[in-house]
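Here is the structure we will look at.
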Amino acid sequence: MKEQTGLNKPQGAITVIWCLFTLLVGTLFLFASQNIFYSWELDNLSTRQKLFSANPQNRSQISPIVLITYDQKTIGSATYNRLFGTGLSRSTAAYAIRFFKRVQTRGVIFDISFNGGVHYQDREGDRALAESLKGTRNFASLLSFDSTEKPSLSYQAQTPLTQKTLQQNAITVNGLAQFPIFSERYRYGSLLPPYSDLLGSPMRFFSANSFTYKSILNLKSEEDTKEEARRWLPFSIYGGRVFPSIPLGALLQGEKNLTLSENGVLSWDNGKIDLGQDGLPLIKWYGHGVYLNRPVYPEVSFSDVALSEVILECRENPAQPICGIIPLPKEPLVQPDAFQDKFNLIGFTLPNKSDTHKTIYSPQYYGLYIVANMLDNALHNDFVHPAPFWMNLLISLLLPGLLLLMIWRFRSVWVSLLMALTLALGQFLLSIYAYNHWNLWLYTVQPVLATFVCFGGFYIYRYRKEFKKRQQMRYAFGKYVSPAVLQIIEQHPEKVTLGGERREMTFLFSDIRGFTAFSDKNPPEMVQSFLTQYFSTMNKIILHSYHGSINKLIGDAIMAYWGFPLENEDHAFLAVSAAMAMREAMLAWHHEEGKLPITIGIGINTGEAVIGNIGSEDFMDFTVIGDAVNVASRLEGANKEYGTSIIISAATYERVKDRIHVRQLGWAELKGKGTKIEVFEPLGFI
19 MKEQTGLNKP QGAITVIWCL FTLLVGTLFL FASQNIFYSW ELDNLSTRQK
69 LFSANPQNRS QISPIVLITY DQKTIGSATY NRLFGTGLSR STAAYAIRFF
119 KRVQTRGVIF DISFNGGVHY QDREGDRALA ESLKGTRNFA SLLSFDSTEK
169 PSLSYQAQTP LTQKTLQQNA ITVNGLAQFP IFSERYRYGS LLPPYSDLLG
219 SPMRFFSANS FTYKSILNLK SEEDTKEEAR RWLPFSIYGG RVFPSIPLGA
269 LLQGEKNLTL SENGVLSWDN GKIDLGQDGL PLIKWYGHGV YLNRPVYPEV
319 SFSDVALSEV ILECRENPAQ PICGIIPLPK EPLVQPDAFQ DKFNLIGFTL
369 PNKSDTHKTI YSPQYYGLYI VANMLDNALH NDFVHPAPFW MNLLISLLLP
419 GLLLLMIWRF RSVWVSLLMA LTLALGQFLL SIYAYNHWNL WLYTVQPVLA
469 TFVCFGGFYI YRYRKEFKKR QQMRYAFGKY VSPAVLQIIE QHPEKVTLGG
519 ERREMTFLFS DIRGFTAFSD KNPPEMVQSF LTQYFSTMNK IILHSYHGSI
569 NKLIGDAIMA YWGFPLENED HAFLAVSAAM AMREAMLAWH HEEGKLPITI
619 GIGINTGEAV IGNIGSEDFM DFTVIGDAVN VASRLEGANK EYGTSIIISA
669 ATYERVKDRI HVRQLGWAEL KGKGTKIEVF EPLGFI
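If you read the sequence shown in the numbering used here, its first letter stands for residue 19, the second for the next number, and so on.
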């Protein structure tokens with residue numbers, strides 16, 4: 019038997035057109051409502067970033083970044099506290115600066131703002147720090163801008179020396195006006211300036227505002243409801259001047275003039291970074307060992323660096339006062355060569371410090387780690403950019419389109435569901451690959467939703483269509499079989515497949531006497547009306563009152579049977595009972611006004627026959643074949659000979675003799691039969 023694997027063409031075309039329309043409307047709705055789904059896309063992006071690192075190998079082998087941390091060891095070291103005191107005096111930073119002056123570094127960046135706050139009144143430390151900076155280059159600290167005027171100062175309120183220092187650290191970005199987001203969102207009105215001893219020193223100053231919680235759906239007002247650090251802010255504007263953030267400032271190496279193209283490429287003499295169409299690229303997270311349980315960038319305790327510088331200086335000049343405070347190790351704890359040609363970031367990793375921020379890894383992720391990730395991105399120009407709208411829309415149409423091809427090819431809901439799940443997984447894997455290799459943020463939630471909207475819409479449509487077809491079948495079959503039989507067929511549709519089944523059954527044939535002459539004398543409309551009334555009465559008795567099935571209506575004749583598909587041992591009794599009820603109905607018919615007086619003949623026989631669908635795949639006829647059927651038909655005709663209305667065979671009589679009164683008619687030789695059979699006329703119930 020040939021397997022049916024596809025939709026037939028007319029139904030399939032209508033279904034696919036409907037599904038394509040649903041898909042298009044659904045996809046456009048998804049993108050029109052993308053603000054609703056954007057939060058889900060961010061969650062999905064975070065999952066990708068956390069579970070599938072953009073580069074699984076140790077970043078220390080790729081990126082020249084070292085972290086020097088004010089950590090628990092620094093504040094908890096007895097040696098450190100005895101040498102430098104329990105506070106975090108800026109004089110200790112001077113030791114770190116002198117340590118890094120011993121080697122050629124690519125940059126030493128303090129992720130700390132050295133400004134003149136009241137709680138930082140340490141003039142001796144300030145002077146020591148300023149003195150240590152003499153003759154240096156590529157040493158930098160932060161400028162913390164604010165959107166308020168108090169307690170910080172506007173640019174116009176700063177001292178001339180502060181303004182001069184700020185002007186020296188500002189950069190020029192040609193083409194910045196093409197990205198109004200910077201002037202609208204990241205123009206700050208206030209700054210607490212560096213303390214006076216640092217003004218005019220070789221230290222450079224970068225913007226501390228190096229990342230943003232804001233997402234870019236609407237350049238004017240849309241906010242990321244997740245409030246996580248996600249995007250890199252390359253520069254900030256203060257007093258009409260542009261200041262680079264830490265990663266950009268570290269790469270510029272003193273370069274002042276930059277160009278920003280209309281497609282978001284920021285370039286200068288020795289490098290370039292792709293900022294993307296909105297100017298704020300997504301941070302490509304490499305994580306950190308504290309949260310991923312694996313090293314990402316090497317970490318050195320600040321206490322080891324400061325103490326190592328003391329050891330080296332005391333080796334060079336033992337007469338210094340600090341050399342006699344405590345016994346010192348003979349060798350430094352870290353060697354300056356370990357920081358050669360590195361970007362050395364110095365910052366806090368203390369839980370009680372305020373420099374923690376919410377990221378995909380933790381609600382309290384140290385700012386130093388964020389700076390390291392952003393600097394890594396800037397070094398390799400691998401910030402992540404959202405895929406353009408057309409690309410996400412294309413994928414959202416392509417995935418359901420592929421699903422439609424499978425639905426067109428296979429009718430199985432399980433095959434279609436497997437395909438939908440495979441496409442969803444494929445899109446997720448593609449998004450991971452695009453993130454890792456192309457620095458592209460492909461949407462996943464919306465294409466997958468569009469795919470399952472198509473899947474669900476198609477099968478809802480098909481279910482409704484099948485339900486309607488089932489209702490039509492119920493209505494059609496209800497004209498031929500009883501409700502009980504119809505229920506069996508619905509529960510076991512295999513019973514109406516091509517092929518037959520041998521079964522013992524009881525068959526009934528009925529015929530109207532003189533119908534041929536009646537139809538010849540009357541117009542077709544009257545004949546049709548008469549048959550409609552007659553069959554309505556007979557069918558109700560057979561189907562509903564006695565749970566039989568009608569196989570055929572041939573002219574004025576009825577062929578009915580009992581015993582299939584219901585396996586009822588009373589099939590003979592039900593058939594005889596139905597015949598007597600039909601006889602009573604005809605007697606009542608004679609007394610109804612306007613009804614033509616008619617008589618009928620009924621023949622009933624019980625025996626084995628083959629019942630089922632006979633024919634081909636293109637056309638089937640549900641019928642019954644066997645000698646028992648022919649005998650019932652011959653018995654119906656024998657009523658004329660005996661002057662009766664109902665004749666049953668001996669086989670039927672044996673099954674009803676304890677419940678039905680009969681009159682023995684003798685032995686009848688039926689037409690076409692070579693032998694005689696005993697026949698009976700049922701009279702009534704016992």
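Backbone N, C-alpha and C define an ideal beta-carbon position, used for all residues, glycine too.
- Shortest Cα-Cα distance from residue 653 to any of 666, 261, 416, 624 involves 666.
- Taking C-alpha positions only, residue 323 is separated from residue 117 by approximately 7 Å.
- The alpha-carbon separation between residue 349 and residue 367 amounts to approximately 26 Å.
- Between residue 555 and residue 603, the C-beta spacing is below 9 Å.
- Sequence-distant Cβ neighbours of residue 689 in its own chain, meaning closer than 6 Å and more than five residues away, are 652.
- Excluding the 5 residues flanking it on each side, residue 150 has same chain C-beta neighbours closer than 6 Å at 112, 115, 116, in chain order.
- Ranked by how close their Cα comes to the Cα of residue 273, the residues 447, 283, 262, 279 have 262 in first place.
- Distance between residue 525 and residue 541, taken at the CA atoms: about 32 Å.
- The residues 530, in chain order, have a CB closer than 6 Å to that of residue 616 in the same chain once the five nearest residues on each side in sequence are set aside.
- Ranking 535, 663, 181 by CA distance to the CA of residue 257 puts 181 first.
- Within the same chain, and ignoring the five residues on either side of residue 459 in sequence, the residues whose Cβ sits closer than 7 Å to its Cβ are 63, 300, 402, 403, 404, 405, 453.
- Spanning the alpha carbons of residue 696 and residue 686 requires a straight line of approximately 6 Å.
- Contact between residue 601 and residue 663 is confirmed by a C-beta separation of about 5 Å, below the 8 Å threshold.
- According to the DSSP assignment, residue 303 belongs to no alpha helix (DSSP H), since it is labelled neither H nor E.
- Distances from the alpha-carbon of residue 60 to those of 449, 580, 444, 225 put 449 closest.
- Contact holds between the segment 183-193 and the segment 263-282, because three or more Cβ pairs, one in each stretch, are under 8 Å apart.
- According to the DSSP assignment, residue 127 belongs to the beta strand (DSSP E) that extends over 125-128.
- In this chain, the beta strand (DSSP E) harbouring residue 568 covers 567-572.
- Checking the DSSP bridge columns, you'll see residue 157 partnered with 126.
- For residue 119, the number of other beta carbons within 10 angstroms of its own is at least 16, and it is reported as buried.
- Annotation for residue 424: 433, 434, 437 place their beta carbon closer than 7 Å to its own, counting only its chain and skipping 5 residues before and after.
- If you draw a straight line from the Cα of residue 225 to the Cα of residue 394, it is about 17 Å long.
- Going by C-alpha positions, residue 413 is about 11 Å away from residue 441.
- The Cβ atoms of residue 364 and residue 127 lie closer than 9 Å to each other.
- Nearest to residue 455 by C-alpha distance, out of 668, 475, 427, 400, is 400.
- Per DSSP, residue 679 lies in no alpha helix (DSSP H); the unbroken beta strand (DSSP E) holding it starts and ends at 678-687.
- It is roughly 27 Å from the alpha-carbon of residue 658 to the alpha-carbon of residue 676.
- DSSP places residue 534 inside the alpha helix (DSSP H), whose first and last residues are 533-539.
- Counted as a single uninterrupted DSSP element, the beta strand (DSSP E) harbouring residue 276 occupies residues 275-278.
- Secondary-structure assignment with DSSP links residue 529 through a beta bridge to 619.
- Here residue 547 carries a helix assignment [DSSP, helix/strand/coil].
- By the neighbour-count criterion, in which 16 or more other beta carbons inside 10 Å mark a residue as buried, residue 321 falls on the buried side.
- With contacts defined as CB atoms closer than 9 Å, residue 107 and residue 142 qualify as a contacting pair.
- Comparing alpha carbon positions, the residue from 641, 552, 629, 643 closest to residue 605 is 552.
- Under the three-state reduction of DSSP output, residue 662 falls in the coil class, being neither helix nor strand.
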